[in-house]
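These protein sequence lines map, in sequence, to chains E and P. In terms of my numbering, the first sequence opens at residue 1 and continues consecutively. In terms of my numbering, the second sequence opens at residue 1 and continues consecutively. Glycine included, each C-beta is placed from N, C-alpha and C at the ideal position.
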Amino acid sequence: MDAQNQERAVGSVRAWEIAVGAIFLAFGALVVWDSQRLGAKWASDGPQAGYFPFYIGCFIMIASAANLIQVLMSGAALRKAFVEWGQLRMILVVMVPSAIYVFLIANPWLSLGIYVASAIFIAFFMRYLAKYSWPKIMAVSLGTMLAFFVMFEIWFSTPLPKGPLETLLGFN
Amino acid sequence: MQEIQSLIGGFAVALSWFNLMLMLAGIILGVIIGVLPGLGGANGVAILLPLTFTMAQQPGGATSAIILLSCIYWGALFGGAITSILFNIPGEPWSVATTFDGYPLGQKGRAGAALTAAFTSSFVGALVAVLLVTFLSPVVARFALRFGPPEFFSVYLLTFCAFVGMSKGAPWKTIASMMLGFALAAVGIDTVTGQLRMTFGFTELLKGFDFLIAVIGLFGIGEILLTIEEGLEFKGAHARLDMRVVLDTWKELPKYWKTSLRSSAVGCMMGIVPGGATPASFMSYGLAKKMSPDGEKFGTGMVEGVVAPETAAHAAGTSALLPMLTLGVPGSPTAAVLLGGLMIWGLQPGPLLFVEKPDFVWGLIASMYLGNIAGLIIVLTCVPLFAAILRVPFAIIAPVILVICAIGAYTVHSSMFDVWLMLVFGVMGYIFKKLDYPLAPLVLALVLGDRAEDSFRQSMLMSQGEVSIFFANSLVGTITVLALILLFWPVLSRGIDLLRGRTSSGKE
């Protein structure tokens with residue numbers, strides 16, 4: 001079982017630690033570089049715009065370097081799996097539709113608006129993960145969206161992104 | 001006894017029908033948020049904060065808004081216990097310690113007793129903390145009126161050093177995540193010079209990173225991803241709470257007065273010095289286990305093992321508002337979000353708040369008393385209802401929570417870019433959690449970044465760039481030294497142990 005899990009692991013904790021540490025280091029360098037560009041010294045009227053961020057960037061670099069050294073020095077303890085393939089699959093099942101959902105709300109080609117997109121999103125989950133019957137799916141997804149519509153557009157008068165359907169129904 | 005008078009004034013504000021209704025709504029919403037995976041105190045408040053923008057514009061509206069949001073916070077504190085005891089799933093990080101004895105009690109068929117003990121001790125912890133807030137915060141605020149920029153910066157320093165020194169995890173990770181928060185806070189237009197910082201030509205970055213988006217992404221989406229990874233299946237004891245069980249448990253509880261008192265003290269301390277509710281609950285559980293005569297039986301379902309963490313968590317969560325109100329330094333992520341709310345509504349948190357907006361401050365404090373009483377009654381009577389929420393299948397609840405997060409992120413600035421940003425922060429939160437990078441310091445730094453930088457700059461202007469200004473007088477010097485002691489506390493305590501020669505007897 002253990003060997004099998006090892007095989008299906010997507011990267012070890014160690015590998016991810018190193019990757020994240022390196023990204024931190026690069027980000028710190030970016031902050032330092034940008035602060036230098038703005039000027040991180042003392043002007044005639046006081047500290048320049050990059051004065052404070054410069055030190056922040058330095059701290060990020062020091063901390064990430066320390067983290068990296070610690071990871072590189074550590075032994076087998078960090079060799080365990082970061083995430084197993086089955087788990088990653090579940091995460092992708094959530095993240096990929098979420099990204100498509102956000103894309104559907106508003107994009108340069110066909111923006112559906114948040115209500116229609118959300119209804120589709122909920123329907124997809126109910127069908128894909130739990131195989132609900134269509135009448136049930138329609139009831140839950142449309143009911144939820146109707147409730148949200150009343151709540152945001154009417155009670156709180158907080159306009160959310162709308163699409164062609166709402167225009168058709170005369171809401172703007 | 002000026003405090004009593006002010007408090008009575010506060011009750012007059014809080015006891016309007018509108019505010020009472022908001023209080024109830026807040027508590028109920030809060031418990032639901034606390035029960036649901038992926039929604040917690042911090043991001044629940046963050047999602048609802050934009051909806052209070054218009055409310056806060058009306059006269060007295062800011063008080064109503066803070067009552068609503070703080071009651072969501074109390075509700076979430078209560079709600080975390082329900083899932084821990086019935087389903088062995090801590091709805092909130094601070095209820096992890098509640099599962100140790102709460103879940104075994106539930107398995108033994110004493111779920112009712114465990115729930116009653118949890119709610120009652122939550123209430124006791126909160127009450128002690130509110131009393132502390134009532135009588136201590138005016139004193140602290142009056143004292144802090146003398147603070148100038150160097151003093152404020154040293155208080156911020158103290159806050160952040162406490163995070164590094166007190167955290168259980170790797171100190172360099174805490175520092176890295178905290179500094180990332182500061183760096184993200186600096187993105188956008190610099191308020192003093194008007195220059196663009198770290199925008200790299202992207203117009204979306206002009207307004208900088210909003211902490212609300214970060215909170216919704218890091219805590220909301222990140223938490224959902226973690227929950228999904230573990231595979232969700234709720235199997236739990238059925239909840240029934242009848243009056244008999246409640247009364248029987250109440251008869252048993254006074255036995256544990258020592259544990260209650262100790263846990264309240266631990267909680268208040270950890271809440272004021274930013275440690276937060278989670279470590280407070282663990283610490284208090286550990287102490288109770290060590291000191292109780294039944295310590296050996298902890299973990300098998302002892303009522304005392306539920307009392308200890310719940311009292312401390314609620315005391316810490318409540319007292320976290322003390323430094324937020326008096327100094328503008330929040331003691332927990334949720335308090336940080338509330339602080340951000342104050343700033344958005346145009347209120348300046350800090351000592352002047354007590355002078356300039358007494359209605360607001362005392363209305364809030366009075367609502368803390370009322371909210372916790374209302375909360376106790378609601379949770380005791382409605383447990384089955386809240387537990388039923390967890391029986392809604394995951395395939396429905398997960399997308400609905402994601403939709404709520406997306407709407408919450410959009411409403412902050414009516415911007416789609418923020419919704420994308422939320423997804424990115426979500427992935428980041430997931431990876432950070434898995435690698436033990438703490439999220440709380442990141443959020444706190446993001447909220448406090450601009451204020452900390454302002455006070456640093458002003459101090460530097462006062463001293464013409466000399467760092468010695470942070471040691472210039474006894475007040476600022478003491479705070480700075482205290483901050484440094486806290487920062488190096490792990491090293492210092494090891495040194496003290498070495499001096500005492502303890503390492504020879506017990507090596508870890």
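Can you list the alpha helix (DSSP H) stretches of 4 or more residues lying completely in the region 118-187 of chain P, in chain order?
-> Correct list: 149-166 and 171-186.
Around the Cβ of Thr54/P, are there at least 16 other Cβ atoms within 10 angstroms (buried) or fewer (exposed)?
-> Within the second sequence, numbered from 1, the residue matching residue 54/P stands at position 54. With a 10 Å radius around the Cβ and a threshold of 16 neighbouring Cβ atoms, Thr54/P comes out exposed.
Is the region 107-116 of chain E touching the region 89-97 of chain E, taking contact as three or more C-beta pairs under 8 Å?
-> With the cut-off at 8 Å, the region 107-116 of chain E and the region 89-97 of chain E do not touch.
Roughly how many whole angstroms lie between the Cα atoms of Leu339/P and Phe354/P?
-> Looking up residue 339/P in the second sequence gives position 339. Looking up residue 354/P in the second sequence gives position 354. The C-alpha of Leu339/P lies about 15 Å from the C-alpha of Phe354/P.
Extent of the continuous alpha helix (DSSP H) to which Gly222/P belongs | For the purposes of this step, residue 222/P is taken as the residue at position 222 of the second sequence. Start and end: Gly222 to Glu229.
Going by the CB atoms, is the gap between Thr159/P and Pro351/P shorter than 9 Å?
-> Counted from its first residue, the second sequence places residue 351/P at position 351. Counted from its first residue, the second sequence places residue 159/P at position 159. No, they are not a contact pair.
Residues sharing a beta bridge with Ile189/P, DSSP = Along the second sequence, read from residue 1 onward, the residue named residue 189/P stands at position 189. Its beta-bridge partners are Leu196/P.
Note down, in chain order, all residues in the region 145-156 of chain E with a beta-carbon under 8 Å from any beta-carbon belonging to chain P.
-> Here the close residues are Phe148, Phe152 and Phe156.
With 16 other Cβ atoms within 10 Å as the buried cut-off, status of Ser474/P | As a first step, residue 474/P must be located in the second sequence, where it is residue number 474. Looking at its Cβ environment, which holds fewer than 16 other Cβ atoms inside 10 Å, Ser474/P is exposed.
Enclosing alpha helix (DSSP H) for Lys108/P [first to last residue] | Sequence index remark: in the second sequence, residue 108/P carries index 108 (1-based). According to the DSSP assignment, Lys108/P belongs to no alpha helix (DSSP H), since it is labelled neither H nor E.
For the region 44-58 of chain E, which residues have a CB atom closer than 8 Å to at least one CB atom of chain P, in sequence order?
-> Taking 8 Å as the upper bound on Cβ-Cβ separation, chain P lies near residues Gly46, Pro47, Gln48, Ala49, Gly50, Tyr51, Phe52, Pro53, Ile56 and Gly57 of the region 44-58 of chain E.
Same chain only: Cβ atoms within 7 Å of Phe121/E, ignoring 5 sequence neighbours per side | Counting from one through the first sequence, the residue named residue 121/E turns up at place 121. The answer, listed in chain order, is Pro97 and Tyr101.
If you measure from the beta carbon of Ser414/P to each beta carbon in chain E, is any gap under 9 Å?
-> For the purposes of this step, residue 414/P is taken as residue 414 along the second sequence, with counting starting at 1. Using beta-carbon distances, Ser414/P counts as an interface residue toward chain E, with a partner under 9 Å.
Alpha-carbon to alpha-carbon, Phe143/P and Glu508/P = Residue mapping note: residue 508/P aligns to position 508 of the second sequence, counting from 1. Residue mapping note: residue 143/P aligns to position 143 of the second sequence, counting from 1. Low per-residue confidence applies at Glu508/P: pLDDT is 38, beneath 50, and the placement is therefore not dependable enough to give any value.
Spatial neighbours of Phe360/P within its chain, please: CB distance less than 8 Å, with the 5 preceding and 5 following residues excluded, ordered by chain position.
-> Here the question's residue 360/P lines up with position 360 in the second sequence. Counting only Cβ-Cβ distances below 8 Å, and skipping sequence neighbours, we find Ala62, Thr63, Ile66, Leu347 and Leu353.
Could you tell me whether the Cβ of Leu180/P comes closer than 9 Å to any Cβ of chain E?
-> Residue 180/P sits at position 180 when you count from the first residue of the second sequence. Leu180/P has a beta carbon lying within less than 9 Å of a beta carbon in chain E.
Whole-angstrom distance between Leu49/P and Gly9/P, CA atom to CA atom = Counting from 1 along the second sequence, the entry for residue 9/P is found at position 9. Counting from 1 along the second sequence, the entry for residue 49/P is found at position 49. Looking at the two C-alpha atoms, the distance is approximately 26 Å.
For Lys289/P, which three-state DSSP category applies?
-> Here residue 289/P refers to the residue found at position 289 when the second sequence is read from its first residue. Helix.
Assess, as a yes-or-no matter, whether the region 170-180 of chain P is touched by the region 366-373 of chain P under the definition of 3 or more beta carbon pairs within less than 8 Å.
-> Verdict: no, contact absent.
Are the Cβ atoms of Glu304/P and Ser292/P separated by less than 9 Å?
-> Taking the first residue of the second sequence as 1, we reach residue 304/P at position 304. Taking the first residue of the second sequence as 1, we reach residue 292/P at position 292. In this structure, Glu304/P places its C-beta atom within 9 Å of the C-beta atom of Ser292/P.
Contacts around Gly173/E, its chain only, beta-carbon distance under 6 Å, and the 5 residues preceding and following it disregarded = Residue 173/E falls outside the range modelled here, since chain E spans only 1 to 172, and no answer is possible.
Going straight from the alpha carbon of Arg494/P to that of Ala162/P, what length do you get?
-> Here residue 494/P is taken as the residue at index 494 of the second sequence, counted from 1. Here residue 162/P is taken as the residue at index 162 of the second sequence, counted from 1. About 17 Å.
For Ile105/E, which residues of its own chain have a beta-carbon under 7 Å away from its beta-carbon, when the five flanking residues on both sides are left out?
-> Within the first sequence, numbered from 1, the residue matching residue 105/E stands at position 105. Ser111, Leu112, Gly113, Ile114, Ala117 and Pro161, listed in sequence order.
Whole-number beta carbon distance between Leu77/P and Leu34/P, since they are thought to touch under 8 Å = Sequence index remark: in the second sequence, residue 34/P carries index 34 (1-based). Sequence index remark: in the second sequence, residue 77/P carries index 77 (1-based). Going by the sequence as given, residue 34/P is Gly instead of Leu. That pair is a contact at about 7 Å.
Give the straight-line distance between the Cα atoms of Ala308/P and Ser157/E, rounded to the nearest whole angstrom.
-> Indexing the second sequence from 1 puts residue 308/P at position 308. Indexing the first sequence from 1 puts residue 157/E at position 157. Here the alpha carbon of Ala308/P sits roughly 44 Å from the alpha carbon of Ser157/E.
Chain-ordered neighbours of Ala66/E on chain P, where CB pairs are closer than 7 Å | To locate residue 66/E, count along the first sequence from 1; it is residue 66. Result: Trp172.
Compute the Euclidean distance between the alpha carbons of Ile32/P and Gly75/P, then round it to the nearest angstrom.
-> Within the second sequence, residue 32/P is the residue found at index 32, counting from 1. Within the second sequence, residue 75/P is the residue found at index 75, counting from 1. Between Ile32/P and Gly75/P, the C-alpha separation is close to 8 Å.
So which residues on chain E does Met198/P lean against when the C-beta distance must stay under 8 Å?
-> On the second sequence, position 198 is the one that residue 198/P refers to. Correct list: Leu30, Val31, Asp34 and Pro53.
Are the C-beta of Ile85/P and some C-beta of chain E separated by less than 9 Å?
-> Reading the second sequence from its first residue, position 85 is the one you call residue 85/P. So, not an interface residue.
Any beta-carbon of chain E closer than 9 Å to the one on Phe119/P?
-> Taking the second sequence and counting its residues from 1, one reaches residue 119/P at position 119. For Phe119/P, no CB of chain E lies under 9 Å from its own CB, so it is not counted at the interface with that chain.
Jot down the residue ranges of each uninterrupted alpha helix (DSSP H) in the region 95-155 of chain E, minimum 4 residues, whole runs only, in chain order.
-> Taken in chain order, the complete alpha helix (DSSP H) segments of 4 residues or longer contained in the region 95-155 of chain E are 113-130 and 134-149.
Would you mind sorting Met61/E into buried or exposed? The rule is 16 or more other CB atoms within 10 Å of its CB.
-> The residue given as residue 61/E occupies position 61 in the first sequence. It is buried - the Cβ of Met61/E has at least 16 other Cβ atoms within 10 Å.
Cβ distance (whole Å) where Ala315/P is taken to contact Ala129/P below 8 Å | Along the second sequence, read from residue 1 onward, the residue named residue 315/P stands at position 315. Along the second sequence, read from residue 1 onward, the residue named residue 129/P stands at position 129. About 4 Å; that satisfies the 8 Å criterion.
Identify, in the order they occur along the chain, each residue of the same chain with its Cβ nearer than 8 Å to the Cβ of Trp94/P, setting aside the five sequence neighbours on each side.
-> Counted from its first residue, the second sequence places residue 94/P at position 94. Excluding positions up to five away in sequence, the list reads Leu77, Gly80, Gly276, Ala277, Thr278, Ala280, Ser281, Pro309, Ala313, Ala316 and Gly317.
Extent of the continuous alpha helix (DSSP H) run through Tyr73/P | If you number the second sequence from 1, residue 73/P lands on position 73. For Tyr73/P, the enclosing alpha helix (DSSP H) starts and ends at Gly61 to Phe87.
8 Å Cβ shell around Pro90/P - same chain, five flanking residues per side excluded | Counting from 1 along the second sequence, the entry for residue 90/P is found at position 90. The beta carbon of Pro90/P sits closer than 8 Å to the beta carbons of Gly80, Thr83, Ser84, Val96, Thr98 and Thr99 from its chain, once the five residues preceding and following it are set aside; these are given in chain order.
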